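Residue numbers (this note's numbering), protein chains in the order written: chain A, 1 to 640; chain B, 1001 to 1640. Here a beta-carbon is modelled for each residue, glycine too, at the ideal position from N, C-alpha and C. Everything numeric in this text was worked out from a predicted model, so none of it was measured. Worksheet for the structure shown next.
There are 2 protein chains.
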Amino acid sequence: MTISLTPVPWTDVDIHGGFWKQRQDVNRQVTLPVQHERSRSRIEALNLKRKLRPKKNPHPFDEGGADGYDSDVAKWVEAAAYSLAGHPDRALARKVDRIVDLWAEAQAQDGYLNNYYLRRDPGRRWTDLQRQHELYCAGHLIEAAVAYHQATGKRKLLDVVCGYVDHINDVFGPRPGQLRGYPGHPEIELALVKLYRHTGRPEYLKLSGFFIDKRGTKPHYFDRESKALGEAPDRGIAGEPYSQYQAHRPVREQTTADGHAVQLGYLFAGMADVAGETGDTELLKACKRIWKNIIERRMYITGGVGGRPMERFTFDYDLPNESAYVETCAAIALVFFAHRMLQADGDGQYADVMERALYNGVLSGVSLAGDQFFYANYLALCPEYYLFHHTRPRRRDWFHCACCPSNLARLIASIGGYAFSSSPRAAFVHLYLTASVELEVAGQALRLNLTTDYPWKGKVNIEVEPQRPARFALALRIPGWCERAAATVNGKPVALAGITRKGYARIVRRWAPGDRIELNMAMPVERMYAHPSVRNDTGRVALQRGPIVYCLEEVDNGADLNAIALPRTARLTARFQDDLLGGVTVVSARARRLRKRGRTDALYQNRPPVIGPTSIRAVPYYAWANRKQEQEMLVWLREG
Amino acid sequence: MTISLTPVPWTDVDIHGGFWKQRQDVNRQVTLPVQHERSRSRIEALNLKRKLRPKKNPHPFDEGGADGYDSDVAKWVEAAAYSLAGHPDRALARKVDRIVDLWAEAQAQDGYLNNYYLRRDPGRRWTDLQRQHELYCAGHLIEAAVAYHQATGKRKLLDVVCGYVDHINDVFGPRPGQLRGYPGHPEIELALVKLYRHTGRPEYLKLSGFFIDKRGTKPHYFDRESKALGEAPDRGIAGEPYSQYQAHRPVREQTTADGHAVQLGYLFAGMADVAGETGDTELLKACKRIWKNIIERRMYITGGVGGRPMERFTFDYDLPNESAYVETCAAIALVFFAHRMLQADGDGQYADVMERALYNGVLSGVSLAGDQFFYANYLALCPEYYLFHHTRPRRRDWFHCACCPSNLARLIASIGGYAFSSSPRAAFVHLYLTASVELEVAGQALRLNLTTDYPWKGKVNIEVEPQRPARFALALRIPGWCERAAATVNGKPVALAGITRKGYARIVRRWAPGDRIELNMAMPVERMYAHPSVRNDTGRVALQRGPIVYCLEEVDNGADLNAIALPRTARLTARFQDDLLGGVTVVSARARRLRKRGRTDALYQNRPPVIGPTSIRAVPYYAWANRKQEQEMLVWLREG
């Protein structure tokens, strides 16, 4: 079995207008430069000839750590590569080349390349896979190398990385003398499939499968590792031991989404990749089981995932809005997982979640100006609350553990790669954006030109330009949020009902150059309700329009947002405001607000507060905290 | 100025029936023995001749700590003393005497008596007042000594303790060479006033005032202490430095209730005591300011106080139900504070809060069987939540830091001491219980016999037995929760409206032996509402009947308690159930429950859940988790 869909690579998608062009311009013009600037010490630390100030207890998450050195910089290089392809920039290319040179110089004779160990602890390579991030960092190096080669044709980093991976392939495996280990923090699994696809070398795919299938087997590799280190094995805080690492059981036997949310997303993305490449239906089934558990019980409406403590999945329907974790990287990891499942299973539900995460829990991670970042993306906020807790409720320039900023940069820069797929007889449109895409379908080249004001409007115009007239399907995603869609081809209506399945309207015909599609998706403001077992959301409603989830900000609605209730019958008005938050559709309504009774300051009394009229203004969740930071914010409004 | 009311001591109150007799019997028969048993290692550690197993890092909160050794055992001795007065018990008395002997043997030549320092670190006495608990432990020794002397007439512990306090009085003070310090954890302040009242020695009152007024002055004593210890000063997690200790500013300049909730209660109780004794109206004003802030903005409906992290007050209206702290000791400390304010200010609002805490947030701390204890008293509970957090949602046998169990035991054993006060021309009844009390009013002895089924019924019969007929006021508290009260004297109605002020109906007449009062307080089930700024309680309602706050338990109402909504118009039925939870009044109602829509498992959808009928059964909050532990529980129900 081959995978059912082939994603159209980002290199073949040109985003030249609309929402995502705006985001990509900011990403290129602001985000990439500031991230390089703020990573300077990490980049210089890659230079092994350069002495670093000694540290008392260098830790993998420190500036000099196994994580910090390589992976954050690698993600930045990957982002820069995506950007360079469409927008050549000699200064930026020089910065990247300098980093590539440092990695090449640092690489050991045998191919090994992790700067933390090379610098600090060369004798202890591969001794603490559970907690250190060697294989994780290797995964990000691989992704950077593939992207940079694709973008620029320069082989240097790819060669360095292939040398490193060949070394890893010697060290790990089933043969005598090889280690049976696997990473505490998955990532290399999906990266190895990328490298396999890019180089065609089957050993990379096989190594990915090895890491996946060794995971969680008994006797437990992490137990043996702890023993060798003379340490007590880590039993975790809840659930089965090593569930924090998705290593409590073999991955095929796991039934719920457990442990660190970013790790889980990366791991299962890699599993879906391997399943797609190998036709391993059992592995795909394992992915589907976890997917179902996430989207039916463990995902925020923003597409965010992961709770406190330990940035992990907790339990079914546990989705606290104020005390959540919801790391930006976790929403990104869910995008990766969704994107892989979409290719392997061809079902619009994956694209729905991918889109939900992208427009909400991912984009909220970066300021509109592109220079500040959220690590945690709460769904409710009372700023004083955070005086007493760890994370301050504001986007920040940088983080001690700075995984999110460059992860955002690379995803935004490569967003075109998530929008389209092809199969032998169909072209798929997953995301609606203003772009030209070139792909192959029915044995010949096809160009699609999409123009749209999505996500603010539900109308999409598509010019279909096959090389020659040919019969194939154009599969247009009808999003899960859309209850009424209509389309015309060359002005003539197409009955979508009969041709829509698994979330895609498949318009099959003999397409000829110059054919025009107009797709119209009704985009009313929707009241969204959570499953009644979500104890934090009962009696509450969230506003959503198209893929955009809304929130109330204090700056628009005053303090005490929980004193507001939205009647079920209140009319919801949507209006695009060009001058607000870079241009957003705002939702307004008449609502009700509790006020204290008379002049009494009683904390508790046997008469209910007085209810008075108010009006509310909701803005897209992703755009919050751009006018004022550290203010109240609320996604789930009280209804009534 | 003298204090306006004088509390009738516990020694003069005989509780011989009803609710509190039941609690006192369990306390005596079960709680005191199991606590002694579970404290055995701590008690044995008081024997300095006995070698303890060496510890790597002995810490004040460990078995061998400055807190653990003395204070928890002292509170148990105090509890045992209260019990012995009414119920002589030679075995129990022997256990107490053994402990007293150990303290006497341990006491240093100069009077010093803290077992942690005597054993572990004799050279470092008084060097870390901020974090260690020397003065706190001394306070509990004082309270134990006074109680034991009052109960048994035995002077040994009192002499030991007076020797210790005389030593403390040499070490601390304004004279040259004396330390200007004060305890990190207040407690000794109120204890010194107790000792002053018991011995009549003014230097004890003065020392208490010294500790109070030195607190928070600049240069900061804790800064100097840290410097001397070669450590960085503790800047705390939020607010001004040392606000965790109520030492950020002089106590008279503090305007909000900040820092550790138990510490605050003890400190301000001591301040109210000193203000009452000295007539220091400014100090009393400072107490009133903090009191007002607590009860108008920072107290749970159960009378619990204190949030996470650090067991501290956080900010106005921040009263999360599930992630709170609400330590049992903090509710007890609030009872102490309320009781002192009641004497100093003679206002029923203090008795209201005292009663609220007693019947709810205090009593919930101990199982009905008397053998297990809550440290934290959440107002909402989802048991899986706590798999991922520190405190398991069940009463436990004992704690690493076991301050709560013996604190409960001493309060329950001495509850009679909180019920009555006298002033020159009035006798005050604050709490309604079945008891006989002897007090002095209008220059002669008065005996009151109260009979009541309170808190389940609002009827109280009082026999008034003055030595001789005399004119004085009987001031009966009309609780804040009561909107309709009626009384008769010898069968004739008394118009209460005109004679009730500041929460007390003052029936002034020439009382003669054989006079009978019947007080009837209407006790409907009330819907209680929080101030609209309490973001966790908006749209919610709590049920209260008399002083009893109710909750729903999963064992009665099934899981997903937040899926239940109580309509504002639903009839609330109260019924006493003899066979349930030791006999409690249960509240029932018809309510509504959200159910998922059809067969869909969707986590989010644009149609609201289906609403179906349900019935609910609410039980007193204090009695929850006695049939099943680790189940859902909820105080604030959704309304609608």
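Backbone CA spacing between residue i and residue j [nearest angstrom]
i       : j       : result
A:V506  : A:V555  : Before going on, a small fix: residue 506 of chain A reads as Arg here, not Val. One C-alpha to the other measures close to 45 Å.
A:R590  : A:C551  : 15 Å
B:R965  : B:L1048 : Absent from the model: residue 965 of chain B. The displayed extent of chain B is 1001 to 1640, so no value can be given.
A:E203  : A:R42   : 32 Å
A:I517  : A:D347  : 22 Å
B:I1564 : B:R1638 : 7 Å
A:Y386  : A:R392  : 6 Å
B:Q1029 : B:R1090 : 14 Å
A:V193  : B:M1633 : 48 Å
B:Q1500 : B:I1478 : Here residue 1500 of chain B turns out to be Thr, not Gln, going by the sequence shown. About 8 Å.
B:S1208 : B:A1542 : 40 Å
A:G86   : A:D14   : 8 Å
B:D1070 : B:A1272 : 25 Å
A:W291  : B:C1287 : 56 Å
Chain A contact for residue i (CB, 8 Å cutoff)
i       : result
B:I956  : The first residue shown for chain B is 1001 and the last is 1640, placing residue 956 of chain B beyond what the model contains.
B:F1388 : yes
B:G1306 : no
B:Y1621 : no
B:L1603 : yes
B:D1280 : no
B:Q1629 : no
B:L1334 : no
CB contact below 8 Å: residue i versus chain B
i      : result
A:Y550 : no
A:H400 : no
A:S243 : no
A:E253 : no
A:L264 : no
A:M299 : yes
A:L572 : no
A:F687 : Look at the range of chain A in this structure, 1 to 640, and you will see that residue 687 of chain A is not part of it.
A:G181 : no
Any non-hydrogen atom of the ligand NAP closer than 7 Å to residue i Cβ
i     : result
A:K75 : Questions concerning the ligand NAP fall outside what the structure shown contains, since it holds no ligand whatsoever.
Cβ neighbour criterion (16 or more within 10 Å) applied to residue i
i       : result
A:N562  : buried
A:P219  : exposed
B:T1600 : exposed
A:Q35   : buried
B:A1512 : exposed
A:Q343  : buried
B:R1593 : buried
B:H1185 : buried
Residue i - DSSP class collapsed to helix/strand/coil
i       : result
A:A618  : strand
A:F315  : coil
B:P1493 : strand
B:H1016 : strand
A:M528  : strand
B:E1554 : helix
B:L1450 : strand
A:T11   : helix
Contact check, residue i vs residue j, beta carbons under 8 Å
i       : j       : result
A:Y148  : A:L135  : no
B:R1597 : B:V1586 : no
B:G1303 : B:A1357 : yes
A:A238  : A:I294  : no
A:S414  : A:E440  : no
B:G1361 : B:Y1300 : yes
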